[in-house]
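Student: The following block contains the structure, expressed as structure tokens.
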Ligand code: UN1
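In the UniProt record's numbering, the protein residues as written are 547 to 1052.
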């Protein structure tokens, strides 16, 4: 089942990429490079990465710090145009970027295509939003004889710390938001996907984003992440990843002497779907399977707990097993694969031991068989019945769907149990009772509610995305308020009569 663009992708099948720190546009070599291999094929080498040391991190922060004055003086129009040029360049290089997403991150072809699309959307959307937010200073209404002018400006150096599950889209979404609002950026990509980040920064430089505005630091959280959180010159942090890491960053920021520093965090979820007995079982199953197993469940928005009203539970389970039997797990570069591998050995281990342990407490209802001779970090899509959401202590980031039966009279307890997890990211509702859907949507504290459809794949500018509680700080990515936390505001009030100006002109 070859697609027309497949030959294009094949050109990149054996390509080796290199990445390392980039400071003021110059690639740096820090210590021995490490080898990156494809999560779907043991031993298939994708490239080499040189991780940043604490000394290099310091140099990158210094470079971003001294570049700030220049970038702040650059008009928002020029900053926005640079992002739009980058969007065009990403489109021109889409087959390389898609191949890199498949090979380094193990994302399926479809997910990799969507990934490039979303990165392009973020650049264009934030360019447009940035023009509005950072437009000319606003003259505020006020008493005669005074002028009151409100302006917004970048905060300074922004640290952008991004995850491996959206190695291009979220990496670039954060960076684009920080840049268009006038901040210079030090970007720390996830260690698992440094090659994609490195290639993206090369394209940013080619697109005309000045070298002083974007510094890249591949490396670990312990070295690079810590250096960014501790350094007084970093004026803001934008983070997507685990709740636990967000808390650690918050703690480091709180201990700074020099300033109170904003943290924009988008973290995990314990996402549920509530299905009542009026729902259409076929539609429920289609949406639940996609929400739970697309991207091998490695989305913070993914469905983890399917609550089904007991009257239709057996029917839904039956259909779910049928649908899961149809899922094709395989090499992510094959168009026919619905699911690829999970990201690495440690993720695979954690997921397999969770399946073991929770199946003993509950009941393993179905597992999609893995093809024979599959060679990589694959986890079989699993459906497990449990009795209570509190049995899941933390987010399980993989292709595991838990199912809980509930009785209609206990709906309020279901809602309380979901709220009591403390997470609040996505919620799915399936019912043909519109009043009930609206009532549930109001009572479960989450950032994104999806009614009678799947609950992943929020679109930039359409479904602003982000949660509350343990799931993040807001504002929502891809929404009209996102850029506001990247800027600081200044109001200048001027008594015009003091210097004899003609106050009436205002
Ligand atoms: C994430 O998994 O970190 O709604 C974010 C979605 C994506 C966002 C997921 N747009 O699935």
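Backbone N, C-alpha and C fix where the C-beta goes; we use that ideal spot for every residue, glycine too.
1. Note down, one range per segment and in chain order, each alpha helix (DSSP H) of at least 4 residues found wholly within the region 660 to 725.
2. How far does the alpha helix (DSSP H) with residue 613 in it extend, from its first residue to its last?
3. Do the region 852 to 868 and the region 945 to 958 meet, that is, are 3 or more Cβ pairs less than 8 Å apart?
4. Runs of 4 residues minimum, wholly inside the region 952 to 1030: which ones carry the alpha helix (DSSP H) assignment?
5. Got a list of residues with beta-carbon closer than 7 Å to any non-hydrogen atom of the ligand UN1, in chain order?
6. Contact between the region 566 to 584 and the region 718 to 727 is defined here as three or more beta-carbon pairs at a separation below 8 Å; is this criterion met?
7. According to DSSP, is residue 873 helix, strand or coil?
8. State the beta-bridge partners of residue 818 as determined by DSSP.
9. Provide the residue(s) that pair with residue 928 in DSSP beta bridges, ordered along the chain.
10. Indicate the three-state DSSP secondary structure (helix, strand or coil) for residue 863 in the structure shown.
11. Assign residue 881 to buried or exposed, taking buried as 16 or more other Cβ atoms, counted over all protein chains shown, within 10 Å of its Cβ.
12. By how many angstroms is the C-alpha of residue 754 removed from the C-alpha of residue 996?
13. Looking only at its own chain, which residues have a Cβ that is under 6 Å from the Cβ of residue 787, when we skip the five neighbours before and after it?
14. Which full runs of the beta strand (DSSP E) of 3+ residues lie inside the region 734 to 795, going along the chain?
15. Where residue 980 and residue 1016 are concerned, what is the direct C-alpha to C-alpha distance, given to the nearest angstrom?
16. What is the C-beta distance between residue 1031 and residue 808, in whole angstroms, given that I count them as a contact (C-beta under 8 Å)?
17. Which stretch, first to last residue, makes up the alpha helix (DSSP H) that contains residue 807?
18. Which of the three DSSP states, helix, strand or coil, is assigned to residue 938?
19. Between the region 674 to 690 and the region 619 to 635, do at least 3 Cβ pairs fall closer than 8 Å?
20. Please name the residue in 615, 849 and 1008 whose C-alpha comes closest to that of residue 730.
21. Can you tell me where the beta strand (DSSP E) holding residue 837 begins and where it ends?
22. Under 8 Å between the Cβ atoms of residue 982 and residue 1013?
23. Could you give the distance in angstroms between the alpha-carbon of residue 954 and the alpha-carbon of residue 830?
24. In terms of alpha-carbon separation, which member of 610, 689, 698 and 839 lies closest to residue 654?
25. Excluding five sequence neighbours on each side, which residues of the same chain lie with their C-beta closer than 6 Å to the C-beta of residue 743?
26. So the candidates are 781, 912, 747 and 738; which of them puts its Cα closest to the Cα of residue 572?
27. Please state if the CB of residue 908 and the CB of residue 1058 are separated by a distance shorter than 8 Å.
28. Here's the rule I'm using: 16 or more other beta-carbon atoms within 10 Å means buried, otherwise exposed. How should residue 778 be labelled?
29. Helix, strand or coil for residue 527, going by three-state DSSP, please let me know.
30. Quick check on residue 640: buried or exposed, where buried means 16 or more other Cβ atoms within 10 Å of its Cβ?
31. In three-state terms, what does DSSP make of residue 631?
Tutor: Walking through what the data contain:
1. none
2. Against the chain shown, residue 613 aligns to sequence position 67. Unbroken alpha helix (DSSP H) run through residue 613: 600 to 619.
3. yes
4. 957 to 966 and 980 to 989
5. 664, 709, 711, 712, 716, 786, 812, 845, 846, 847, 1002, 1003, 1004 and 1011
6. no
7. The count along the chain shown starts at 1 and reaches residue 873 at position 327. Of the three classes helix, strand and coil, the one that applies to residue 873 here is coil, per DSSP.
8. As a position in the chain shown, residue 818 is number 272, starting the count at 1. For residue 818, which the question treats as bridged, DSSP gives the partners 851 and 973.
9. Here residue 928 refers to the residue found at position 382 when the chain shown is read from its first residue. Note: residue 928 sits in a beta bridge opposite 913 and 946.
10. On the chain shown, residue 863 is found 317 positions in, with the first residue counted as 1. Three-state DSSP puts residue 863 in a helix.
11. In the chain shown, the residue the question calls residue 881 occupies position 335. Burial call: exposed.
12. Reading the chain shown from its first residue, position 450 is the one you call residue 996. Reading the chain shown from its first residue, position 208 is the one you call residue 754. Those two C-alpha atoms are separated by around 39 Å.
13. Within the chain shown, numbered from 1, the residue matching residue 787 stands at position 241. Closer than 6 Å at Cβ, skipping near neighbours: 709.
14. The region 734 to 795 contains these whole beta strand (DSSP E) runs: 760 to 762 and 780 to 786.
15. On the chain shown, residue 980 is found 434 positions in, with the first residue counted as 1. On the chain shown, residue 1016 is found 470 positions in, with the first residue counted as 1. Approximately 29 Å, taken between the alpha carbons.
16. Within the chain shown, the letter at position 485 stands for residue 1031. Within the chain shown, the letter at position 262 stands for residue 808. Their Cβ separation, rounded to whole angstroms, is 6 Å, which keeps residue 1031 and residue 808 in contact under 8 Å.
17. Working through the chain shown from its first residue, we reach residue 807 at position 261. Segment: none, residue 807 is in no alpha helix (DSSP H) and carries neither H nor E.
18. Against the chain shown, residue 938 aligns to sequence position 392. Residue 938 falls in the coil class under three-state DSSP.
19. yes
20. Translated into the one-based positions of the chain shown, residue 730 becomes position 184. The option with the nearest alpha carbon to residue 730 is 615.
21. Taking the chain shown and counting its residues from 1, the one referred to as residue 837 is at position 291. Residue 837 -> not in any beta strand (DSSP E); alpha helix (DSSP H) instead, spanning 827 to 839.
22. Here the question's residue 982 lines up with position 436 in the chain shown. Here the question's residue 1013 lines up with position 467 in the chain shown. It is not a contact, given that the beta carbons lie outside the stated cut-off.
23. Locating residue 954 in the chain shown gives position 408, counting from the first residue. Locating residue 830 in the chain shown gives position 284, counting from the first residue. Straight-line Cα distance between these residues: approximately 17 Å.
24. Reading the chain shown from its first residue, position 108 is the one you call residue 654. Cα-wise, what sits closest to residue 654 is 839.
25. As a first step, residue 743 must be located in the chain shown, where it is residue number 197. Same-chain partners within the cutoff: 717 and 735.
26. Sequence index remark: in the chain shown, residue 572 carries index 26 (1-based). If we check each option's Cα against that of residue 572, 747 comes out closest.
27. Only positions 547 to 1052 of the chain appear in this structure, which leaves residue 1058 out of reach.
28. Position 232 of the chain shown, counted from the start, is the residue given in the question as residue 778. Result: exposed.
29. This structure leaves residue 527 out entirely; the chain is present only between 547 and 1052.
30. Position 94 of the chain shown, counting from 1, holds the residue named residue 640. By the neighbour-count rule (16 or more Cβ atoms within 10 Å), residue 640 is buried.
31. Taking the chain shown and counting its residues from 1, the one referred to as residue 631 is at position 85. Residue 631 falls in the helix class under three-state DSSP.
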